Every structure is written in C-alpha cells, then in structure tokens.
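What follows is a single structure, written as structure tokens, with notes after it.
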Amino acid sequence: MTRRVDLLVAGGGPAGLVTALHAARAGLDVEVWEPRPGAVDKACGEGLMPGALADLLELGVDPPGHAFHGIRYVAGERRADAAFRAGAGRGIRRTTLHGALIAAVTAAGARVEQRAVGDLRQDDEAVVVDGVRARHLVAADGLHSPVRRGLGLDPAPARHRRYGVRRHFRTAPWSPFVEVHWAPDVEAYVTPVADDLVGVAVLASSRGTFPDRLAALPGLEALLDGAEPASAVRGAGPLRQRVRRRVAGRVLLVGDAAGYVDALTGEGLALAFAQAGAAVRAITDGAPQRYDREWARLTRRYRWLTGALLLGTRPRPARRALVPAARMLPPLFDGAVNGLARPVGA
Numbered sequence: 008m009t010r011r012v013d014l015l016v017a018g019g020g021p022a023g024l025v026t027a028l029h030a031a032r033a034g035l036d037v038e039v040w041e042p043r044p045g046a047v048d049k050a051c052g053e054g055l056m057p058g059a060l061a062d063l064l065e066l067g068v069d070p071p072g073h074a075f076h077g078i079r080y081v082a083g084e085r086r087a088d089a090a091f092r093a094g095a096g097r098g099i100r101r102t103t104l105h106g107a108l109i110a111a112v113t114a115a116g117a118r119v120e121q122r123a124v125g126d127l128r129q130d131d132e133a134v135v136v137d138g139v140r141a142r143h144l145v146a147a148d149g150l151h152s153p154v155r156r157g158l159g160l161d162p163a164p165a166r167h168r169r170y171g172v173r174r175h176f177r178t179a180p181w182s183p184f185v186e187v188h189w190a191p192d193v194e195a196y197v198t199p200v201a202d203d204l205v206g207v208a209v210l211a212s213s214r215g216t217f218p219d220r221l222a223a224l225p226g227l228e229a230l231l232d233g234a235e236p237a238s239a240v241r242g243a244g245p246l247r248q249r250v251r252r253r254v255a256g257r258v259l260l261v262g263d264a265a266g267y268v269d270a271l272t273g274e275g276l277a278l279a280f281a282q283a284g285a286a287v288r289a290i291t292d293g294a295p296q297r298y299d300r301e302w303a304r305l306t307r308r309y310r311w312l313t314g315a316l317l318l319g320t321r322p323r324p325a326r327r328a329l330v331p332a333a334r335m336l337p338p339l340f341d342g343a344v345n346g347l348a349r350p351v352g353a
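Its first residue numbered 8, the sequence shown is counted upward by one per residue in my numbering.
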C-alpha cells in the first residue's frame with residue numbers, strides 16, 4: 008500500500024529541518040529524508056548574522072554558541088571594523104544547530120528518516136518517491152542537489168569557480184567580531200563558536216589543502232600558532248550553482264539546492280530560513296508556483312551584492328585595495344555590514 012504524506016522534505020540540514028518545522032506547525036503531515044546518519048555537518052562559516060539569529064529564535068530554537076558583535080576586515084597590519092547596530096550575531100557549530108533543530112522538528116510532530124530519495128515521479132496531484140505519495144516535495148538536499156539534477160534544472164556550470172575548506176581550532180576567540188582575513192588569492196572567515204573554539208573557513212578560486220591556504224595568510228597563521236585542530240578538514244565547491252527555476256510541478260527547491268552565488272557575505276543560513284518559510288506558505292496557500300517569484304524577491308539583495316563583490320575582488324589590485332577602502336570609507340563599510348545583518352526581505 009502506498010503511504011501518503013502532505014510534505015516530503017529531501018535533506019536534513021538546516022534548510023530542510025526549518026522547512027519541516029514550519030510545515031509541521033502549519034498542520035501538515037511531514038517527513039524528512041536524510042541519508043547521512045547522526046548530526047549533519049558541512050563546510051561553512053557557522054556564523055548567524057543578527058537577522059538570521061532573530062529568525063531562529065522566533066521559531067523557538069536557541070542553540071548555544073558564542074556571540075559576535077560585528078565584522079572585521081584584516082589585511083596584514085590594516086583592519087576595518089563595523090559593529091552591528093541591531094544586536095549580536097552568534098557563532099554556532101553546525102552539529103549543535105542540527106541537534107537543536109532535530110529536537111524542535113520532532114517535538115512539532117514531523118518524522119525524520121535515514122533514507123535517500125530514489126525514484127521520483129509526479130503528476131498533477133502528487134509526487135511519488137519510492138512508494139511514498141506526497142502532495143509536495145521540498146528539495147533541500149544541498150549545493151549539488153541530486154533532486155535538482157534529476158529534474159533537469161541544472162544549466163551549464165559557472166565559468167568562475169570558488170571552493171571552500173573549513174576546520175576548527177581549540178583556542179579562545181581573540182576578537183569580538185567575525186574576522187575576514189584577505190590575501191591576493193584567498194580569504195578566510197574566522198568565527199567564534201564557543202568560549203574555547205573558533206572555526207576557520209577559507210575560500211579560493213582553486214582547489215587546495217587547508218595548510219596551503221592558511222600559509223597564504225601569515226597573520227592568521229600566527230594567531231593560530233599552537234592551537235590544536237579540533238575537527239577534520241571539510242571542503243565544499245564549486246560554490247556557485249545556477250538553477251533554471253525553483254519550482255518544477257509539485258517540487259520546490261530551498262536553501263543551497265535553490266541556487267547559490269558565494270559564501271562571501273555570510274548569508275547562507277538567513278536565506279535558507281527565509282526560503283523555508285516562503286515555500287511552506289506557498290504550499291499551504293495552494294499556490295506553489297508563487298514561490299519562484301518570492302525566492303527572487305528574498306534573494307535579490309544577496310545576489311546583487313555578492314555578485315558585485317565577487318566581480319570587484321577578482322582582480323588582485325582590487326583585493327589589495329579592499330581593506331584600505333573600508334578604512335577610508337567607514338560609513339560605507341558600516342552600512343554594507345548592517346544591511347547584511349538585517350532579516351532577509353526586510
């Protein structure tokens with residue numbers, strides 16, 4: 008006998024779990040399918056900007072972490088600071104966030120199963136996946152989404168590619184900010200995630216090992232000298248993912264699966280939370296096609312700003328000039344940082 012649910016969510020990361028939480032609280036019968044066991048980790052900066060943190064707290068999810076109060080750009084001896092005006096952000100280990108979201112989703116009545124999406128078919132009334140019939144499916148299965156690929160929504164790969172690697176180090180945070188360390192070919196994002204732990208995510212336009220990337224940032228390497236590595240190196244990329252559309256019949260794409268520009272501005276979780284809510288509202292309103300327009304609205308600022316920063320910092324001279332420019336034009340830097348700190352869509 009075919010089992011029936013209102014919503015099937017492919018992917019048990021933050022995007023999928025927040026989608027399930029919204030849906031379960033809206034009265035839908037929800038299942039989340041995630042093939043990986045245990046806490047789902049990935050290479051990411053782990054910093055929630057104030058707007059993203061506010062969205063999470065509004066859902067009643069309050070995982071422990073470490074507060075940060077702004078963004079600092081660093082290049083050699085030069086630095087530029089921009090403090091948040093609307094409260095602190097929070098660095099949260101991805102595994103800690105996953106545990107808190109799993110608890111909330113389970114309490115809301117959704118089911119989480121360790122299984123992958125296999126054969127997927129749909130008609131005008133439902134999506135059928137491996138014997139389960141769902142009124143809708145949300146694909147929140149990551150940057151290289153198998154569901155998205157299976158639906159033929161991947162265009163040609165982007166010409167300019169970027170890759171990320173991340174590792175944690177056992178050391179007390181030395182700054183009240185998330186620090187972004189700039190070099191000609193790489194930049195590193197240092198996020199405090201506990202009183203004795205920082206996460207270091209390094210982005211570059213080519214593949215490379217974590218030690219090689221860190222060696223390109225001698226100032227950061229010196230700050231981490233003697234700090235014990237506290238996690239395995241995780242990688243991700245290519246980061247840029249273009250998508251033809253975000254709705255295909257009764258399937259909606261949320262989070263990284265819906266398309267991604269870059270991690271440069273640190274908005275990934277904020278965007279995922281906003282998209283999750285928009286997707287569920289479109290489903291419960293009986294208007295899933297509306298979600299594509301709502302996705303475009305919610306991500307417009309991110310796509311424009313991130314695209315402009317990527318283009319502007321691709322040439323080496325521009326990268327060298329970035330921190331001096333931020334120092335010389337503090338109102339502009341402060342305005343950009345606090346714009347990113349606002350809730351998505353605000």
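We put the CB at the ideal spot given by N, CA and C, even for glycine.
For clarity, every value in this text was computed on a predicted model and none was experimentally measured.
Between residue 37 and the set 46, 24, 44, 48, the nearest pair of CA atoms involves 24. Taking every protein chain shown into account, the CB of residue 137 has fewer than 16 other CB atoms within 10 angstroms, so this residue is exposed. By the neighbour-count criterion, in which 16 or more other beta carbons inside 10 Å mark a residue as buried, residue 97 falls on the buried side. Residue pairing for residue 171: DSSP places it in a beta bridge opposite 210, 243.
Inclusion of residue 117 and residue 31 in the CB contact set at 7 Å is warranted, their separation being smaller than that value. Taking 7 Å as the cut-off, the Cβ atoms of residue 91 and residue 77 count as close. According to the DSSP assignment, residue 338 belongs to the alpha helix (DSSP H) that extends over 337 to 348. Runs of the beta strand (DSSP E) spanning 3 or more residues and lying entirely within the region 240 to 322 occur at 241 to 243, 258 to 260, in chain order. At least 7 Å separates the beta-carbon of residue 171 from that of residue 227.
A distance below 7 Å separates the beta carbons of residue 57 and residue 93. For the pair residue 257 and residue 238, the Cα-to-Cα distance works out to about 39 Å.
Pairwise C-beta distances place the region 293 to 306 out of contact with the region 53 to 67, as fewer than three of them are shorter than 8 Å.
Under the three-state reduction of DSSP, residue 88 is assigned to strand. Apart from sequence neighbours up to five positions away, the residues of its chain that approach residue 224 with a beta-carbon distance below 7 Å are 188, 190, 193, 195, ordered along the chain. Per DSSP, residue 78 is one residue of the beta strand (DSSP E) stretching across 77 to 82. Shown here, residue 13 sits in a strand according to DSSP, grouped into three states. Minimum Cα-Cα distance from residue 254 among the listed residues 286, 305, 51, 39 corresponds to 286. Put simply, the backbone Cα of residue 160 is about 7 Å away from that of residue 252.
Sequence-distant Cβ neighbours of residue 320 in its own chain, meaning closer than 7 Å and more than five residues away, are 326, 329.
Pairing residue 308 with residue 9, the inter-Cα distance amounts to about 43 Å. The DSSP-derived three-state label of residue 166 is coil. It is roughly 14 Å from the alpha-carbon of residue 143 to the alpha-carbon of residue 18.
Within 10 angstroms of the beta-carbon of residue 155 lie 16 or more other beta-carbons, which makes it buried.
For residue 133, DSSP records no beta bridge to any residue. Here the alpha carbons of residue 259 and residue 135 stand approximately 14 Å from one another.
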